[in-house]
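Here the sequence shown stands for residues 39 to 230, where the numbers follow the working numbering. Idealized CB from N, CA, C, for every residue including glycine.
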Amino acid sequence: MKGLDGVAITDHNVAPTLELIEKVGRRIVVVPGLEVKTEVGHMIGLGVTGVKISGRVYSQSFIDYVHRLGGIVVLAHPNPMRIDDSMYMRLSRVDCVEVLNASLRPYRIAYARNYRLAEMMKASPLGGSDSHVPYTIGDAYTVVECDNLGWKSIIEAISMKLCRPAGRASSLSSRVLRLLLRLSSLSSTLGF
39 MKGLDGVAIT
49 DHNVAPTLEL
59 IEKVGRRIVV
69 VPGLEVKTEV
79 GHMIGLGVTG
89 VKISGRVYSQ
99 SFIDYVHRLG
109 GIVVLAHPNP
119 MRIDDSMYMR
129 LSRVDCVEVL
139 NASLRPYRIA
149 YARNYRLAEM
159 MKASPLGGSD
169 SHVPYTIGDA
179 YTVVECDNLG
189 WKSIIEAISM
199 KLCRPAGRAS
209 SLSSRVLRLL
219 LRLSSLSSTL
229 GF
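Listed below in structure tokens is the structure:
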């Protein structure tokens, strides 16, 4: 899988169970987490398992909840065109900012702006493919410096800023295919 040692599984509103992590984790390191929608955009809780959240949540409540569970919080793919930095700066204790996202456009502008945001927030900069389809996994990723490749060690290294974003934007053909899959899913949901 593109030379990756591991992946973070962060489905919307539900974190994988320990059983799933152990099953998949026999072949590759799986960092558990979940992604939620908040008033400032999407946030990820890394290092949490078996959690299910319904609907939109308040960002600071989510941050506090993830920290109580022993996880770390990622400001996921902040959008430089939609939300002003001051909205993010009001948040207390965000651990990481996804500065490099393979799906975010305009790619270079978003990367530069999000890297500055991570520095202002004193947060670890991360990369992520934000992949909803297997072929874009690893387009953007995070290099983590740690000796032990267990997910808890990876979370600890990220919280200590022993990481850096790497990778590239997903190809145009990958983005078009992803859009077609979304439209197909939407049309089947609507009964077309």
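Query: Can you check which of these residues, Thr-76, Gly-79 and Ala-53, is closest to Gly-85 by C-alpha distance?; Result: Ala-53
Query: Quick one: grab the DSSP three-state call for Ile-192.; Result: helix
Query: Let me check you understand the geometry: is the CB of Ser-124 closer than 7 Å to at least one non-hydrogen atom of the ligand FMN?; Result: Only the bare structure without any ligand can be found here, which leaves the ligand FMN out of the picture.
Query: First and last residue of the beta strand (DSSP E) that includes Asn-139?; Result: 134-139
Query: With a threshold of 16 other CB atoms inside 10 Å of the CB of Val-171, please say whether the residue is buried or exposed.; Result: exposed
Query: DSSP on Asp-168, reduced to helix/strand/coil?; Result: coil
Query: Along the chain, where does the beta strand (DSSP E) containing Asp-49 start, and where does it finish?; Result: 44-50
Query: How is the beta strand (DSSP E) around Glu-157 delimited, first residue to last?; Result: Taken as a continuous stretch (DSSP letters only), Glu-157 belongs to no beta strand (DSSP E), being part of the alpha helix (DSSP H) at 145-159.
Query: Would you check if the region 72-79 and the region 94-112 touch, i.e. whether three or more CB-CB distances between them fall below 8 Å?; Result: yes
Query: Which residues does DSSP pair with Arg-202 in a beta bridge?; Result: Val-181
Query: Rounded to a whole number of angstroms, what is the C-alpha to C-alpha distance between Ser-141 and Asp-123?; Result: 20 Å
Query: Quick check: what's the CA-CA separation for Tyr-126 versus Lys-90?; Result: 24 Å
Query: CA-CA distance, Leu-217 and Glu-60?; Result: 32 Å
Query: Could you pull the DSSP bridge partners for Val-74 from this structure?; Result: Met-81
Query: Can you name the residues that DSSP bridges to Leu-113?; Result: Met-81 and Val-135
Query: With distances taken from CA atoms, which of Arg-146, Ile-192, Leu-164 and Gly-188 is nearest Arg-65?; Result: Gly-188
Query: Please classify Thr-180 as buried or exposed, where buried requires at least 16 neighbouring CB atoms within 10 angstroms.; Result: buried
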